[in-house]
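Numbering (our numbering) for the sequence shown: 30 to 209.
Where a beta carbon is used, it is the ideal one built from N, C-alpha and C, also for glycine.
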Amino acid sequence: MAAEEMDNDESQGWKSDVFRVLKQHGIKHIAYVPDAGHSVALRLAEADDEIQSVVLTTEEEGIGYLAGAWLGGEKGALLLQSSGVGNCINTLALQVMARFPLLMLVTMRGDWAEFNAWQNPMGQATEASLKLMGVMTWRADKPEDVAPLVHGAATMAFNGDAACAVLLGQRLIGEKQWVK
Numbered sequence: 030m031a032a033e034e035m036d037n038d039e040s041q042g043w044k045s046d047v048f049r050v051l052k053q054h055g056i057k058h059i060a061y062v063p064d065a066g067h068s069v070a071l072r073l074a075e076a077d078d079e080i081q082s083v084v085l086t087t088e089e090e091g092i093g094y095l096a097g098a099w100l101g102g103e104k105g106a107l108l109l110q111s112s113g114v115g116n117c118i119n120t121l122a123l124q125v126m127a128r129f130p131l132l133m134l135v136t137m138r139g140d141w142a143e144f145n146a147w148q149n150p151m152g153q154a155t156e157a158s159l160k161l162m163g164v165m166t167w168r169a170d171k172p173e174d175v176a177p178l179v180h181g182a183a184t185m186a187f188n189g190d191a192a193c194a195v196l197l198g199q200r201l202i203g204e205k206q207w208v209k
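Quick look at the structure:
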């Protein structure tokens with residue numbers, strides 16, 4: 030199925046806005062650890078012949094991968110969950126020292142209405158941790174905020190060789206349910 034067909038399918042709204050804005054900014058690489066919150070953008074990326082989707086074993090691998098993509102003349106984005114931000118903290122030093130653009134889209138856990146207490150510590154520390162490492166952050170809790178925030182973060186990352194993250198809040202994603 031072509032990306033355009035999928036976009037007109039079940040992926041309407043902010044979830045397809047993520048992919049649309051990434052495409053508008055010329056993203057050629059999407060690095061990710063599988064995550065339900067990013068599932069629409071990931072399916073659209075995998076269906077798009079112009080984008081290389083790279084499944085990571087751990088989130089910090091994506092930072093090195095995207096540094097290499099930039100050195101090769103191509104743009105990329107790291108899609109991850111807030112729990113994966115903790116895995117990236119030390120590796121963010123690569124961006125600080127090398128000053129390459131780093132765009133991260135982070136689905137939040139340990140946020141509003143979290144059912145899994147193990148997600149709370151990193152979920153509560155995600156934004157502060159990113160800021161301590163010099164990452165500019167913005168938070169989307171409403172669907173209408175997603176496209177402009179992703180666009181702004183991509184513009185700042187790629188025009189300023191900056192590290193930027195958009196946090197996609199759990200109110201936006203929806204309450205997760207424990208399935209027994």
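Measure the alpha-carbon distance for ALA122 versus LYS171 and round it to whole angstroms. What you label residue 122 is simply residue 93 of the sequence shown in a count that begins at 1. What you label residue 171 is simply residue 142 of the sequence shown in a count that begins at 1. The alpha-carbon atoms of ALA122 and LYS171 are separated by roughly 31 Å.
If you run the structure through DSSP and keep just helix, strand and coil, what is ILE202? Indexing the sequence shown from 1 puts residue 202 at position 173. Three-state DSSP puts ILE202 in a helix.
Going by beta-carbon coordinates alone, are LEU132 and ALA106 separated by less than 8 Å? Taking the first residue of the sequence shown as position 1, residue 132 is located at position 103. Taking the first residue of the sequence shown as position 1, residue 106 is located at position 77. Going by C-beta atoms, LEU132 is nearer than 8 Å to ALA106.
Report all residues from its chain with a CB closer than 6 Å to the CB of THR120; omit the five preceding and five following residues, and keep chain order. By 1-based counting over the sequence shown, the position of residue 120 is 91. Within the same chain, THR120 has close Cβ partners GLU89, ILE92.
For ALA70, the three-state DSSP class (helix, strand or coil): By one-based count along the sequence shown, residue 70 stands at place 41. Looking at ALA70 - three-state DSSP - the assignment turns out to be helix.
For ALA194, report the span of its beta strand (DSSP E) as first-last. Start at 1 with the first residue of the sequence shown, and residue 194 comes out as number 165. Start and end: 192-197.
On the DSSP bridge assignment, give the partners of LEU134 in chain order. Taking the first residue of the sequence shown as position 1, residue 134 is located at position 105. Paired residues: LEU108, VAL195.
Of the residues CYS193, ARG200, GLN148, GLY55, the one placed nearest ARG128, counting alpha carbons only: Looking up residue 128 in the sequence shown gives position 99. Minimum Cα distance to ARG128 is reached at CYS193.
Have a look at ALA98, GLU173, ALA96, LEU134 and flag the residue whose alpha-carbon is nearest the alpha-carbon of LEU51. To locate residue 51, count along the sequence shown from 1; it is residue 22. Nearest C-alpha to LEU51: LEU134.
Tell me the rounded alpha-carbon separation between MET185 and PRO130. Taking the first residue of the sequence shown as 1, we reach residue 185 at position 156. Taking the first residue of the sequence shown as 1, we reach residue 130 at position 101. So the two alpha carbons sit approximately 8 Å from each other.
Closest residue to GLY97 among HIS58, GLU204, TRP141 (Cα-Cα distance): Here residue 97 corresponds to residue number 68 of the sequence shown, with the count starting at 1. That would be HIS58, whose Cα lies nearest to the Cα of GLY97.
Where GLY152 and MET165 are concerned, what is the direct C-alpha to C-alpha distance, given to the nearest angstrom? As a position in the sequence shown, residue 152 is number 123, starting the count at 1. As a position in the sequence shown, residue 165 is number 136, starting the count at 1. Taking the straight line from one Cα to the other gives about 17 Å.
Beta-carbon spacing of VAL47, ALA70 below 8 Å: Sequence index remark: in the sequence shown, residue 47 carries index 18 (1-based). Sequence index remark: in the sequence shown, residue 70 carries index 41 (1-based). Against a cut-off of 8 Å, the Cβ pair of ALA70 and VAL47 comes out as a contact.
Report the three-state DSSP secondary structure of VAL84 (helix, strand or coil). Taking the sequence shown and counting its residues from 1, one reaches residue 84 at position 55. VAL84 falls in the strand class under three-state DSSP.
So, at 6 Å on beta carbons, what are the nonlocal neighbours of ASP64 in its own chain, with the 5 sequence-adjacent residues on each side left out? Taking the sequence shown and counting its residues from 1, the one referred to as residue 64 is at position 35. So the list reads GLN110, THR136, once near-sequence residues are dropped.
Identify, in the order they occur along the chain, each residue of the same chain with its Cβ nearer than 7 Å to the Cβ of ASN149, setting aside the five sequence neighbours on each side. Start at 1 with the first residue of the sequence shown, and residue 149 comes out as number 120. The residues are GLY139, GLU143.
Jot down the residue ranges of each uninterrupted alpha helix (DSSP H) in the region 143-179, minimum 4 residues, whole runs only, in chain order. 149-161
The beta strand (DSSP E) spanning ALA96 covers which residue range? Residue mapping note: residue 96 aligns to position 67 of the sequence shown, counting from 1. Looking at the DSSP string, ALA96 is not in any beta strand (DSSP E); the run it does join, the alpha helix (DSSP H), is 89-100.
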